[in-house]
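Colleague: In our numbering, the protein residues as written are 288 to 491.
C-beta: ideal position from N, C-alpha, C; glycine also.
Just so you know, these numbers come straight off a predicted model, no measurement behind them.
1. From 434, 366, 477, 472, pick the residue whose C-alpha is nearest to that of residue 335; which is it?
2. Between which two residues does the alpha helix (DSSP H) holding residue 463 run?
3. Can you give the Cα-Cα distance for residue 457 and residue 433, rounded to whole angstroms?
4. Would you mind stating whether residue 413 and residue 387 have Cβ atoms separated by less than 8 Å?
5. What did DSSP end up calling residue 392 once you bin it into helix, strand or coil?
6. Residue 356 by DSSP, collapsed to three states: which one?
7. Looking at the structure shown, is residue 387 part of a helix, part of a strand, or coil, going by DSSP?
8. When the Cβ atoms of the region 369 to 385 are set against those of the region 352 to 359, are three or more pairs found closer than 8 Å?
9. Taking 7 Å as the cut-off, is the beta-carbon of residue 294 closer than that to any non-hydrogen atom of the ligand SAM?
10. Could you tell me the alpha carbon to alpha carbon distance between residue 295 and residue 337, rounded to whole angstroms?
11. Ignore the nearest five residues each way along the sequence and tell me which others in residue 475's own chain have a CB closer than 8 Å to its CB.
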């Protein structure tokens, strides 16, 4: 049911984009049907490749599969209740929830009443703060580097950064995702990068 609702939601967003770009609704519908049919065949194959190549779900592995761990936690919570949670986990979650609400409320108040220094720009976003806890610290480092590049790009040429920034971001996301498949195939056949590296003692 969740997959059906998610697909329908994506299709509605696609129709909105198609309306703005004057695309054919019929062509968009059939392309969605074809894509869904291809996904039914390709997705199990890709999953099998990743399953054979990597230890899926390992927090220290290449693919920790955070969604799988989250849904497993939800299932255990539904079956065993709050007793399945670690000690103090429920209190910490409730505290973080109210802290996030308070931070967002503070930002809205600063936007409305404090416009001289625009202090709200320096208040961290709770959702962005939660991403490293969910996906891992490496993701925050990638976002920081990308933000710095975009900041420098905007300082050098604001108009080009505005026009081409989304295209560059989409290309990086798509390229990194697509590379996961050949990387998994190479790992499956035990192909490793031919690195020749040697460490020697400073005393020698």
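Modeller: Answer, in terms of the structure:
1. 472
2. Run containing residue 463: 445 to 475, per the alpha helix (DSSP H) assignment.
3. 12 Å
4. yes
5. helix
6. helix
7. In the displayed model, residue 387 falls within a helix according to three-state DSSP.
8. no
9. By its list of ligands, the structure shown contains no ligand whatsoever, and the ligand SAM lies outside what it can speak to.
10. 27 Å
11. 336, 339, 340
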